[in-house]
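In full-length UniProt numbering, the protein residues as written are 1 to 82.
Structure, as structure tokens:
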């Protein structure tokens with residue numbers, strides 16, 4: 001896994017160079033705890049406003065970690081808040 005390799009190379013998952021790294025759908029699924037199928041459904045036209053932002057280049061879907069974090073932060077329920 002890349003995150004493990006980066007930790008081995010002395011890079012923390014929260015280091016500046018890792019904070020906005022790009023992820024394939026499989027990596028984004030692992031990161032968010034959602035399935036790849038759920039992320040694919042959220043990319044469908046009628047659900048685009050509900051899922052995380054993504055980039056599509058030549059048919060390849062890419063997620064930025066910062067976009068996933070922002071999307072998950074928007075769905076926090078309960079608690080005292082910030």
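For each residue, glycine too, the CB sits at the ideal point set by N, CA and C.
Just so you know, these numbers come straight off a predicted model, no measurement behind them.
| task | May I ask which residues mark the beginning and end of the beta strand (DSSP E) holding residue 47? | result | In the chain shown, counting from the first residue as 1, residue 47 sits at position 47. Per DSSP, residue 47 is not a residue of any beta strand (DSSP E), being assigned neither H nor E.
| Contact check, residue 65 vs residue 20, beta carbons under 8 Å | The count along the chain shown starts at 1 and reaches residue 65 at position 65. The count along the chain shown starts at 1 and reaches residue 20 at position 20. Contact check for residue 65 against residue 20 passes: the beta carbons are separated by less than 8 Å.
| message | Quick check on the DSSP output: what are the complete beta strand (DSSP E) runs of length 3 or more inside the UniProt domain "Helix-turn-helix" (24 to 75), in order along the chain? | response | Entirely contained in the UniProt domain "Helix-turn-helix" (24 to 75), the beta strand (DSSP E) runs reaching 3 residues are, in chain order, 55 to 57 and 60 to 64.
| task | Measuring alpha carbon to alpha carbon, tell me which of 43, 79 and 53 ends up nearest residue 22. | result | Counting from one through the chain shown, the residue named residue 22 turns up at place 22. Residue 22 has its Cα closest to that of 53, out of 43, 79 and 53.
| Straight-line CA distance for residue 24 to residue 41? | Residue mapping note: residue 24 aligns to position 24 of the chain shown, counting from 1. Residue mapping note: residue 41 aligns to position 41 of the chain shown, counting from 1. Near 15 Å, if we compare the C-alpha coordinates of residue 41 and residue 24.
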